[in-house]
């Protein structure tokens, strides 16, 4: 059986004061909406002892109506990079609830649940993608493409490498909860509820 071809995902996040600022910056830089705003729900799965998280890997089941997608992300491919660079393998899933049960029966457990509203933007013919993520931990612009594309685009949007965030949303939420004096590991996870 042929193995799925992995790809290297190169990305960063940039913190924004609000969604309107992100949309304005993107429009001024020539970006247009390529996928309208949609709520994404995500469940991360891990072993009982947290091995995947320790190895900076993840298995994620994402629902963004009407699609379910299962993703594996490998550990950091290039340590010390200013970008988050990881192997990524994704596949569409016909029945997310059934797959979730299969993962649990195989011994994995949900380790983090999070929601975000995502709007995707592209600029004429470029391979990179800018994603405006509205989350309970704040507003973020995620840039995904080659390192050179990310640097050019971030600069065009008024950011510099010192602004780059390579943390996962789970880590961002944990830090946000610590600032608020709240429990990041509560049952709800990072939700709008």
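Numbering (the working numbering), first residue to last: 286 to 478.
Just so it is clear, CB atoms sit at the ideal spot from N, CA and C, and this is done for glycine as well.
Predicted, not measured: the structure shown is a model, and the values here were computed from it.
1) CB residue 417 to CB residue 426, shorter than 8 Å?
2) So, are the CB atoms of residue 495 and residue 295 less than 8 Å apart?
3) When DSSP labels each residue in this structure, what does residue 462 get in the three-state scheme?
4) Indicate the three-state DSSP secondary structure (helix, strand or coil) for residue 411 in the structure shown.
5) Measuring CB to CB, does residue 375 end up less than 8 Å from residue 422?
6) Might you give, ordered along the chain, the residues of its own chain that have their beta carbon closer than 6 Å to the beta carbon of residue 360, omitting 5 neighbours on each side?
7) Which one of 348, 465 and 420 has the shortest CA to CA distance from residue 454?
8) Taking buried to mean at least 16 other C-beta atoms within 10 Å of its own C-beta, is residue 445 buried or exposed?
Per the coordinate set shown:
1) Taking the first residue of the chain shown as 1, we reach residue 417 at position 132. Taking the first residue of the chain shown as 1, we reach residue 426 at position 141. A contact, by the Cβ cut-off of 8 Å.
2) Since the first and last residues shown for the chain are 286 and 478, residue 495 lies out of range.
3) Counting from 1 along the chain shown, the entry for residue 462 is found at position 177. Three-state result, residue 462: helix.
4) Here the question's residue 411 lines up with position 126 in the chain shown. Reduced to three states, the DSSP call for residue 411 is coil.
5) Taking the chain shown and counting its residues from 1, one reaches residue 375 at position 90. Taking the chain shown and counting its residues from 1, one reaches residue 422 at position 137. No, these two residues do not count as a Cβ contact at 8 Å.
6) Indexing the chain shown from 1 puts residue 360 at position 75. 340, 341 and 342.
7) Your numbering for residue 454 matches position 169 in the chain shown. Of the listed residues, the one whose Cα sits closest to residue 454 is 420.
8) The residue you call residue 445 lines up with position 160 of the chain shown. It is exposed - the Cβ of residue 445 has fewer than 16 other Cβ atoms within 10 Å.
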